[in-house]
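Numbering (the working numbering), first residue to last: 547 to 659.
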């Protein structure tokens, strides 16, 4: 599977993606660049799918990816899993905003549907 490197080494990239994933889960949305949003979308969808499965293994996988953030995992398994139980994927949307002033990168809002 192809993925974006985002100009970072693997540890930093994984940390950025985990942090953005936690933010989307806790707050419902995040404003970031388009490339990061497209990568984070994959992980948010995977976490919600884990929540819908509801098994111990899926809970441990979610905890491992989200750096043992129990509040985020509880929200996934208790709230989001029930919200999206009848939906087969497509839990997020990307809304394009404006370009960032410093480097002209396209800003987008990644939010839960």
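Positions of the beta carbon are idealized from the N, C-alpha and C atoms, including for glycine.
Assess contact between the region 611 to 628 and the region 567 to 577, defined as three or more Cβ pairs (one per stretch) separated by less than 8 Å. Is contact present?
yes
Can you list, in chain order, the residues of its chain whose CB lies under 6 Å from that of residue 559, leaving out five sequence neighbours each side?
552
Within 9 Å, strictly: CB atoms of residue 657 and residue 639:
yes
Pair within 9 Å by beta-carbon distance, residue 605 and residue 590:
no
Which residues in the same chain have their Cβ closer than 7 Å to the Cβ of residue 646, if we skip the five residues on either side of it in sequence?
653
In chain order, what residues of the same chain have a beta carbon less than 6 Å from the beta carbon of residue 651, not counting five sequence neighbours either side?
579
Please name the residue or residues paired with residue 601 in a DSSP beta bridge.
In DSSP, residue 601 forms no bridge with anything.
Measuring alpha carbon to alpha carbon, tell me which residue in 635, 548, 596 and 644 is nearest residue 623.
596
Distance between residue 607 and residue 557 (C-alpha atoms, nearest Å):
18 Å
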